[in-house]
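K.L.:
Numbering (this note's numbering), first residue to last: 3 to 74.
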């Protein structure tokens, strides 16, 4: 019924070693228990958006330089 996971177990272990203590850290009374995991998730999403935007801007600049020099 269920298939084996398609991810590398080493990657999951590395992520848990990196962020595991931060995500399961005891929270302040009255605070959402998922707040630390949510912060890590939002941080990673922001990092991905920054990488994507820098890729788009860089690609546009590279194509402009190629067109300017007559290679494209």
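Just so it is clear, CB atoms sit at the ideal spot from N, CA and C, and this is done for glycine as well.
Computed from a predicted structure; not experimentally measured.
To the nearest angstrom, how far is it from the Cα of residue 19 to the Cα of residue 50?
P.N.:
For the purposes of this step, residue 19 is taken as the residue at position 17 of the chain shown. For the purposes of this step, residue 50 is taken as the residue at position 48 of the chain shown. Those two C-alpha atoms are separated by around 20 Å.
K.L.:
Please check the pair residue 42 and residue 65, which I expect to be a contact at CB under 8 Å, by giving their CB distance rounded to whole angstroms.
P.N.:
Sequence index remark: in the chain shown, residue 42 carries index 40 (1-based). Sequence index remark: in the chain shown, residue 65 carries index 63 (1-based). With 8 Å as the limit, residue 42 and residue 65 do not qualify as a contact, their Cβ atoms being about 35 Å apart.
K.L.:
If you draw a straight line from the alpha carbon of residue 3 to that of residue 14, how long is it in whole angstroms?
P.N.:
Here residue 3 refers to the residue found at position 1 when the chain shown is read from its first residue. Here residue 14 refers to the residue found at position 12 when the chain shown is read from its first residue. Any reading at residue 3 needs caution, since the residue's pLDDT is 47, under 50, leaving its predicted position unreliable; the model's value is listed next. Approximately 23 Å, taken between the alpha carbons.
K.L.:
Put residue 8 into one of helix, strand or coil per three-state DSSP.
P.N.:
If you number the chain shown from 1, residue 8 lands on position 6. DSSP places residue 8 in coil when its eight states are reduced to three.
K.L.:
Got a sec, what are the start and stop residues for the alpha helix (DSSP H) residue 57 sits in?
P.N.:
Along the chain shown, read from residue 1 onward, the residue named residue 57 stands at position 55. That run of the alpha helix (DSSP H) goes 37-70.
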